[in-house]
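Below is one structure, written out as structure tokens; comments come after it.
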Amino acid sequence: MVVVMKVGASEDDIRRVEEMVENVGGETHIVRGESRSIVALIGDTERFMALPLVTLPGVETVTRIGKPYKLVAKEVHAAPSTVKIGTAEIGRGTFTLIAGPCAVESREQAMAAVDIAKEAGASILRGGAYKPRTSPYAFQGLGEEGLAILAECRERTGLPVVTEVVEARDVDTVAAVADALQIGTRNMSNFALLKEVGKAGKPVVLKRGMSSTVEEWLMAAEYIAREGHTEIVLCERGIRTFEPWTRNTLDLGGMILAQQESHLPVIADPSHATGRRELVEPMARAALAAGADGVMVDVHPNPSEALVDGPQALSPEALEGLAAELAAMAQAIGKPMS
Ligand code: PEP
Ligand code: MN
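In the numbering used here, the protein residues as written are 2 to 339.
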């Protein structure tokens with residue numbers, strides 16, 4: 002069960018809810034949002050139902066949520082939420098373009114890539130400093146040096162940066178630079194990492210595990226939310242299927258289900274979903290048409306020389322073309338590019 006407090010409810014109001022629940026042997030978990038707080042009740046729901054919680058001062062609604070995910074469920078929010086990432090916002094009313102290199106390979110490469118992203122109209126930059134690679138012999142990312150380059154990229158463009166954190170011990174280091182922390186597909190079920198990332202207090206871009214169901218994806222978001230905040234953007238990045246001609250299969254139906262089930266914004270990553278640059282544009286258009294709140298795409302100043310994921314990287318010209326097309330489409334369907 003979830004108690005949604007009124008905007009402006011006091012700490013005393015929250016305390017009274019806690020006391021009432023604790024008196025019948027329940028536990029509470031408080032999520033302090035920007036405008037209002039939510040108290041999740043853990044324990045015997047039947048007992049909580051009998052309590053006059055809704056009569057307490059500062060309480061707006063008391064909702065029974067018969068789903069395994071609670072804090073990210075659409076029932077706790079009257080309207081879909083908007084997630085602020087630095088100067089940008091991702092939410093249901095707009096369409097956001099996130100672009101940048103798959104990996105930060107060098108200062109020059111990263112600067113060139115983010116200049117292209119900005120020029121094309123991206124409002125958030127992406128780029129990995131820590132790369133989770135299938136082969137231990139493959140380029141693993143520049144680590145802290147890469148983070149410093151990303152900080153420079155933000156300074157240069159004035160745009161916020163989302164970057165992946167791979168290990169729990171690196172969360173603070175990455176959070177010191179990133180405007181949003183990315184959880185990659187391989188780590189969606191790394192619950193220790195999810196908890197640490199939740200505690201860092203930064204917005205999170207949560208990729209769907211490549212073999213995870215929509216419910217498991219929402220439960221991963223719940224792990225983060227339980228640590229204190231729901232500034233979470235869900236990112237559909239394709240799931241594994243029997244089809245070998247694409248790297249993954251972009252699951253647009255699953256993406257929209259996640260959007261309908263939760264109050265969180267949902268974006269698509271057509272680059273990692275397909276692994277083929279010629280499919281990035283059609284799949285980005287499809288994601289927008291389906292209702293995605295944004296897309297994240299890889300761009301490289303020289304795709305044939307990319308150290309990571311070259312076959313899916315857009316050229317500068319291709320990104321520009323895609324961005325123009327998305328902006329026109331987004332305007333036409335009433336979800337203007339933010
Ligand atoms: C990425 O976005 O750089 C990345 C590694 O994506 P994924 O985790 O979806 O494979
Ligand atoms: Mn990649």
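By construction, the Cβ of each residue, glycine as well, lies at the ideal position given by its N, Cα and C atoms.
Along the chain, where does the beta strand (DSSP E) that runs through residue i open and close?
i: E85; result: With the sequence shown as reference, residue 85 is identified as Lys, and Glu is not the correct amino acid for it. Start and end: V84 to I86.
i: I91; result: A89 to I91
i: A100; result: T97 to G101
i: R65; result: Segment: none, R65 is in no beta strand (DSSP E) and carries neither H nor E.
i: I43; result: S38 to I43
i: G335; result: No beta strand (DSSP E) holds G335; DSSP gives it neither H nor E.
i: V296; result: G295 to D299
i: R127; result: I125 to R127
i: L182; result: A181 to I184
i: V77; result: Premise fails: V77 is in no beta strand (DSSP E) and is neither H nor E.
i: A6; result: Note on identity: in this sequence residue 6 is Met, with Ala being the wrong assignment. Residues V3 to M6.
i: V162; result: V162 to E165
Taking Cβ to Cβ, would you say residue i is nearer than 7 Å to residue j?
i: P161; j: G87; result: yes
i: L54; j: V5; result: no
i: V300; j: L320; result: yes
i: A130; j: G142; result: yes
i: R239; j: A291; result: It is Gly, not Arg, that sits at residue 239 in the sequence shown. Result no, Cβ atoms of G239 and A291 do not sit closer than 7 Å.
i: S124; j: A179; result: no
i: T158; j: V115; result: yes
i: V215; j: L265; result: no
i: A221; j: L195; result: yes
i: F140; j: L308; result: yes
i: F96; j: A331; result: yes
i: L219; j: K203; result: no
i: P271; j: M256; result: no
i: V22; j: E232; result: no
i: G9; j: E28; result: no
i: V205; j: G147; result: no
i: Q261; j: V267; result: no
i: M2; j: L52; result: no
i: Q313; j: G276; result: yes
Comparing alpha-carbon positions, which option in the options lies nearest residue i?
i: V163; options: R127, K196 and A104; result: R127
i: M297; options: S212, V309, L315 and E306; result: L315
i: R241; options: G94, D252 and A328; result: D252
i: R248; options: K132, E279 and Q260; result: E279
i: P340; options: L289, P302 and A307; result: Outside the shown range of the chain (2 to 339) lies residue 340, about which nothing can therefore be said.
i: V40; options: G147, H230 and I268; result: H230
i: V73; options: E217, A181, V8 and E109; result: E217
i: S263; options: G276, C236 and V63; result: C236
i: G67; options: S82, A80 and E47; result: E47
i: E61; options: T29, I43 and V18; result: V18
i: E109; options: Y70, C154 and V25; result: C154
i: K208; options: R277, V167, E12 and G144; result: V167
i: R33; options: G26, N24, F49 and K7; result: K7
i: I334; options: D294, E318, P317 and E145; result: D294
i: A80; options: A149, G94, E145 and P302; result: G94
i: K71; options: A226, A325 and E282; result: A226
i: F49; options: S36, E35 and N24; result: N24
i: R286; options: L98, I150 and A111; result: L98
i: L151; options: E244, A111 and I184; result: A111
i: A149; options: S107, A169 and P137; result: S107
Grab the span of the alpha helix (DSSP H) containing residue i for me, first residue to last.
i: G115; result: Correcting the residue type first, residue 115 is Val in the shown sequence and not Gly. Here the alpha helix (DSSP H) through V115 covers R108 to A121.
i: Q313; result: Q313 -> no alpha helix (DSSP H), and no H or E assigned at all.
i: R33; result: Unbroken run through R33 is the beta strand (DSSP E), E28 to R33; no alpha helix (DSSP H).
i: I152; result: Checking the sequence shown, residue 152 turns out to be Ala, not Ile. E145 to T158 is the span of the alpha helix (DSSP H), which, as asked, contains A152.
i: I15; result: E12 to E23
i: D173; result: V172 to A176
i: M50; result: T46 to M50
Could you pull out every residue in the same chain whose Cβ sits closer than 6 Å to the Cβ of residue i, ignoring the five residues on either side in sequence?
i: G210; result: T186, M189 and S190
i: K200; result: E228
i: S14; result: The sequence given here places Asp at residue 14; Ser does not occur at that position. P58 and G59, listed in sequence order.
i: G311; result: P304
i: T64; result: V3 and E76
Leaving out the 5 sequence neighbours to the left and right, which residues in its chain are closer than 7 Å to residue i when beta-carbon positions are compared?
i: G101; result: A114, V115, A118, L126, R127, G128 and V300
i: S38; result: M6, A10, I15, I31 and V32
Suppose the cutoff is 8 Å on Cβ atoms and the five residues either side in sequence are ignored; what does the same chain contact list for residue i look like?
i: Y224; result: F192, L195, K196 and G199
i: G144; result: A130 and Y131
i: A329; result: none
Taking only runs that begin and end inside the segment 191-278, name each unbroken beta strand (DSSP E) of 3 or more residues, in chain order.
Restricting attention to beta strand (DSSP E) runs no shorter than 3 residues, the segment 191-278 encloses them at 205-208, 233-237 and 267-269, ordered along the chain.
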